[in-house]
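Numbering (my numbering), first residue to last: 13 to 89. A virtual CB, placed ideally from N, CA and C, is assigned to each residue, including glycine.
Take a look at the structure:
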């Protein structure tokens, strides 16, 4: 396997149950968001095993929080 020559920081891979706990999403909702491209893509770890790059999951959650906080609250109007 050829490895890229770019410098790497620590990369941590989260397994599916960890991602579900971290995001609070159900298994089916997580799969749906991955399929739609809304959630970061899976990393194949084996024939039947996938993971997700923790940094990408964290970035997704940060963006989600930021979008929610920037939306005007229509209930206050």
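- At a Cβ-Cβ threshold of 8 Å, residue 63 and residue 55 count as neighbours.
- By the CB criterion at 8 Å, residue 52 and residue 68 fall inside the cutoff.
- Within the same chain, Cβ atoms closer than 7 Å to the Cβ of residue 31 are found at 42, 64, 69, the five residues on either side in sequence being excluded.
- Judged by beta-carbon spacing, residue 66 lies within the 8 Å limit of residue 26, meaning their Cβ atoms are closer than that value.
- Distances from the alpha-carbon of residue 34 to those of 71, 78, 58 put 71 closest.
- Per DSSP, reduced to three states, the secondary structure at residue 27 is strand.
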